[in-house]
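*Asks:* Quick one: structure below, then a few questions.
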Amino acid sequence: MDVQVNLEKVLKDIPPQVKLVAVSKTKPVEMIQSAYDVGQRDFGENKAQDMAAKYPQLPQDIRWHFIGHLQTNKVKYIVPFVSLIHAADSLKILLEINKQAVKYGRVVDFLLEFHVAREESKFGLNMESAENILQSDAYQKLKNIRLCGVMGMATFTTDTEQIRDEFRHLKSIFDQLKDKYFKHTDSFKEISMGMSGDYLIAIEEGATIVRVGSKIFGARN
Ligand SMILES: *Cc1c(COP(=O)(O)O)cnc(C)c1O
Numbered sequence: 382m383d384v385q386v387n388l389e390k391v392l393k394d395i396p397p398q399v400k401l402v403a404v405s406k407t408k409p410v411e412m413i414q415s416a417y418d419v420g421q422r423d424f425g426e427n428k429a430q431d432m433a434a435k436y437p438q439l440p441q442d443i444r445w446h447f448i449g450h451l452q453t454n455k456v457k458y459i460v461p462f463v464s465l466i467h468a469a470d471s472l473k474i475l476l477e478i479n480k481q482a483v484k485y486g487r488v489v490d491f492l493l494e495f496h497v498a499r500e501e502s503k504f505g506l507n508m509e510s511a512e513n514i515l516q517s518d519a520y521q522k523l524k525n526i527r528l529c530g531v532m533g534m535a536t537f538t539t540d541t542e543q544i545r546d547e548f549r550h551l552k553s554i555f556d557q558l559k560d561k562y563f564k565h566t567d568s569f570k571e572i573s574m575g576m577s578g579d580y581l582i583a584i585e586e587g588a589t590i591v592r593v594g595s596k597i598f599g600a601r602n
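Adding 381 to a residue's 1-based position in the sequence shown gives its number in the numbering used here.
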């Protein structure tokens, strides 16, 4: 299991304008340091307390991406240092992120998570629920968060055409939001999609950020 060799292999297929988030969830800090030592700076975690525990043990120029479902009571652990929150999917969580961001004097970047998979999931917005958030007075008052784009996950399947359809759907959601609300907002630019099994398809369909874990750090238990 050589993290550096794996990372190099993954990077070879990722064009320079696409950002690789190395998903280090459940993996020890030594493995993260190993990837860091060959230049990787963006890492993803899906548990707030794990991320907060790893943060002080590693170089300070790492950009930490929170990619999991975030619970309101855990927001405070990551807001002081998080670089991008990928999976915001309610006004409630945005209110809490903003509240903590005010406390720490930060503006926290985030993506809205959309449900594009055919699989059932409790998480992720549709267009209507996203627009309800964006158009609400409560949302528009929040000054310490900044929306940078969208995030989604494809169905766990071997049917690559289905995966491709789902990524296309997310890209079309991004395009519609860009056109309707963010034409002149340069920071609304990210489409976070694609994991170890499907990041090449995601890149073909317009991903600007891919989130790759097991292909770099090995399978998780
Ligand atoms: C775990 C995880 C990944 C990475 O998954 P791999 O298949 O190991 O590459 C990407 N995105 C999210 C949201 C995850 O939870």
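Idealized CB from N, CA, C, for every residue including glycine.
Whole angstroms is fine: what's the gap from Gly594's alpha carbon to Asp470's?
*Replies:* When rounded, the distance between both Cα atoms is 22 Å.
*Asks:* Taking the C-alpha atoms as reference points, what is the distance between Asp540 and Asn602?
*Replies:* Near 24 Å, if we compare the C-alpha coordinates of Asn602 and Asp540.
*Asks:* Please check the pair Ala468 and Met412, which I expect to be a contact at CB under 8 Å, by giving their CB distance rounded to whole angstroms.
*Replies:* That pair is no contact at about 23 Å.
*Asks:* Please determine, among Val386, Asp383, Leu392, the residue with the shortest C-alpha to C-alpha distance to Arg592.
*Replies:* Ranking Val386, Asp383, Leu392 by Cα distance to Arg592 puts Leu392 first.
*Asks:* Between Ile544 and the rest of its own chain, which residues show a CB-CB distance below 8 Å, the 5 nearest in sequence each way excluded?
*Replies:* Ala535, Thr536, Thr538, Asp579, Ile582, listed in sequence order.
*Asks:* Under 8 Å, do Thr566 and Val399 count as touching if we go by C-beta distance?
*Replies:* No; because the gap between Cβ atoms is not below 8 Å, this pair is not in contact.
*Asks:* Could you compute how far the alpha carbon of Leu401 sits from the alpha carbon of Glu500?
*Replies:* Those two C-alpha atoms are separated by around 25 Å.
*Asks:* To the nearest whole angstrom, what separates the beta carbons of Phe548 and Met574, a pair I think is in contact under 8 Å?
*Replies:* Phe548 to Met574, Cβ: 5 Å. Contact.
*Asks:* Just reading off the alpha helix (DSSP H) that Arg549 is part of, what are its end residues?
*Replies:* Note, Arg549: alpha helix (DSSP H), 541 to 562.
*Asks:* Are there any heavy atoms of ligand 1 lying less than 7 Å away from the beta-carbon of Ser464, as far as the coordinates show?
*Replies:* Every heavy atom of ligand 1 is 7 Å or more from the Cβ of Ser464, so no.
*Asks:* Just how far apart, CA to CA, sit Leu489 and Gly599?
*Replies:* Note on identity: in this sequence residue 489 is Val, with Leu being the wrong assignment. Rounded to the nearest angstrom, the two C-alpha atoms are 30 Å apart.
*Asks:* Name the two residues that bound the continuous beta strand (DSSP E) containing Ser573.
*Replies:* Taken as a continuous stretch (DSSP letters only), the beta strand (DSSP E) holding Ser573 covers 571 to 573.
*Asks:* Buried or exposed: where does Lys522 fall if 16 or more other Cβ atoms within 10 Å of its Cβ makes it buried?
*Replies:* So Lys522 ends up on the exposed side.
*Asks:* At what residues does the beta strand (DSSP E) containing Val489 begin and finish?
*Replies:* Residues 489 to 495.
*Asks:* Where does Phe447 sit, in a helix, a strand or coil, going by DSSP?
*Replies:* Three-state result, Phe447: strand.
*Asks:* Any heavy atom of ligand 1 inside 7 Å of the beta-carbon of Lys605?
*Replies:* The requested residue 605 is not part of the displayed model; the chain covers only 382 to 602.
*Asks:* Given a threshold of 16 other Cβ atoms within 10 Å of its Cβ, counted over all protein chains shown, does Lys435 qualify as buried or as exposed?
*Replies:* Flag for Lys435 reads buried.
*Asks:* How would you write the range of the alpha helix (DSSP H) that Val463 sits in, first residue to last?
*Replies:* That residue, Val463, is in no alpha helix (DSSP H); it is neither H nor E in DSSP.
*Asks:* Does the Cβ-Cβ distance between Leu492 and Gly530 come in under 8 Å?
*Replies:* In contact: Leu492 and Gly530 (Cβ atoms closer than 8 Å).
*Asks:* Looking at Met432 and ligand 1, is the gap between the Cβ and the nearest heavy atom below 7 Å?
*Replies:* Incorrect: Met432 has no Cβ contact closer than 7 Å to ligand 1.
*Asks:* For Ile466, which residues from the same chain have a beta carbon less than 6 Å from its beta carbon, with the 5 sequence-adjacent residues on both sides left out?
*Replies:* Around Ile466: Phe447, Phe491.
*Asks:* Could you tell me the boundaries of the beta strand (DSSP E) in which Ile395 lies?
*Replies:* Element bounds for Ile395: n/a, residue is neither H nor E.
*Asks:* Considering only the beta carbon of each residue, do Val410 and Gln385 sit closer than 8 Å?
*Replies:* Their beta carbons are not under 8 Å apart, which means Val410 does not touch Gln385 by this criterion.
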